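Here the structure is laid out as structure tokens; the discussion comes afterwards.
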Amino acid sequence: MKSQKLKVKTFAFCVLSFVFCAFNFVAKAANAQTYSVSLWPPLLELIIKPGKSATQVYKISNMGDPQILITKVLPFEPADNQGNVNILNLPTLLSPLNFSFQGGDLPLGKAFALKSGENRDLVLKISVPKNTPEKDFYASFVLETSPEGKIGQSITQTAAKIAGNILISVSNSLFPAKKGKILEFSSPKIVDSFDAVPFVLKVENLGDSFFKTFGEIKIEGIFNQSGTVKILPENILAKTFRDLSLVPWKEKFIVGPFRATAEFTLDEKSQENPTPAKLTAQTNFLALPYKAMFALLIIILILITIKNLPTRINPPSHRTN
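Residue 94 in the numbering used here sits at position 53 of the sequence shown, with consecutive numbering throughout.
See the structure below:
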């Protein structure tokens, strides 16, 4: 009888433990907030004359849980040489530029609700006073969850944010002067004939306005082997340098000396801007199948070693009658 009661108590304890764990899991899942807010465009590039203004429609979509969001415009600075940025909580660095929402229905910095599945357009207006110096301003349009938390909740534990970067060149010209320098263009001096050839291209912006790189790397060998590597249009901010992202050049087999020439403009060529500033640099490398040659040499040495091994002759056996 005691054994039966013990079994019942044990079973009841297990059931209660399971129910408690399941309830705890469901409660945590219910409290977990799905943040899936998108912002378009992710990057905005503007040239604004002093005394003028520009507007941009930002499209916001919420595919997750209902949110309470706050908008901010903050400056940013480069975080490294690969194009990553650090957003700075120092809005005064963007002075004397003025940022506001057109229409006045939502002041910048005021929280607003965005339901699940809801889309909203916000028209950001950027005004440049007349006496603004001709230079670049780099800002981020930030969407951040409010400390008030999710709609229907009192608080959120962690704030989530997304941002779209804004590159603003204040200039009286539609094509501000661009000045750059190639700090490094290189490749390995010797590459294997079967391997891809990596390139390093570091570009510095010496001017006061950001620019993009438009061009390619042309590769030529003495045995009529040639190829190209596209230089992606990446932004290089004023007074900074950047390591450009390059895809290694890959062919089935290359051999002999090669010359690679990097050539690109600091702006896209157009009818309005037919002769943008251009930069060029060269590097050389030698392609040899040294890995295959090394493997063949090892095989030959092994074969020679085997051939030169002394042959062991077993002495004849003597039989006794």
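C-beta: ideal position from N, C-alpha, C; glycine also. No experiment lies behind these values; they were computed from the predicted model shown.
In its chain, beyond the 5 residues on either side, 80, 81, 82, 83, 84, 85, 99, 181, 182 have a beta carbon closer than 8 Å to the beta carbon of residue 205.
Rounded to whole angstroms, the separation of the alpha carbons of residue 120 and residue 235 is 36 Å. One thing to note: residue 128 has its Cβ no nearer than 8 Å to the Cβ of residue 110. Straight-line spacing of the CA atoms in residue 302 and residue 96 works out to 41 Å. Among the bridge pairs identified by DSSP, residue 179 is matched with 208. For residue 88, the closest alpha carbon among the candidates 133, 348, 251, 147 is that of 251. For residue 337, the enclosing alpha helix (DSSP H) stretches over residues 331–348.
Closest in C-alpha terms to residue 228, from the list 327, 113, 248, 267, comes 327. By alpha-carbon distance to residue 262, the top candidate from 292, 287, 255 is 292. Nearest neighbour of residue 211 by Cα position, chosen from 101, 91, 346, 179, turns out to be 91. Within the stretch 71–100, no complete alpha helix (DSSP H) segment of 4 residues or longer occurs. The Cβ atoms of residue 274 and residue 255 sit closer than 8 Å to each other. Excluding sequence positions up to five before and after residue 213, its CB lies within less than 8 Å of the CB of 90, 91, 175, all in the same chain and listed in chain order. Contact between residue 101 and residue 167 does not hold, since their C-beta atoms are separated by about 18 Å, which reaches or exceeds 8 Å. Restricting attention to beta strand (DSSP E) runs no shorter than 3 residues, the stretch 114–185 encloses them at 126–128, 139–142, 153–155, 160–168, ordered along the chain. In this structure, the CA atom of residue 152 is about 15 Å from the CA atom of residue 162.
The beta strand (DSSP E) runs of length 3 or more contained entirely in the stretch 253–288 are, from start to end of the chain, 255–262, 267–272, 282–284.
The beta-carbon separation of residue 107 and residue 157, rounded to 5 Å, stays under the 8 Å limit for a contact. If you look at residue 249, you'll find it isn't in any beta strand (DSSP E); DSSP assigns it neither H nor E.
In the three-state reduction of the DSSP assignment, residue 245 falls in the strand class, which pools E and B.
Between residue 164 and residue 144, the gap from beta carbon to beta carbon is short of 8 Å. In the three-state scheme derived from DSSP, where H, G and I count as helix and E and B as strand, residue 236 is classed as coil. For residue 298, the three-state secondary structure derived from DSSP is strand. With contacts defined as CB atoms closer than 8 Å, residue 200 and residue 249 fail to qualify as a contacting pair.
At the C-beta level, residue 241 and residue 257 stay beyond 8 Å of one another.
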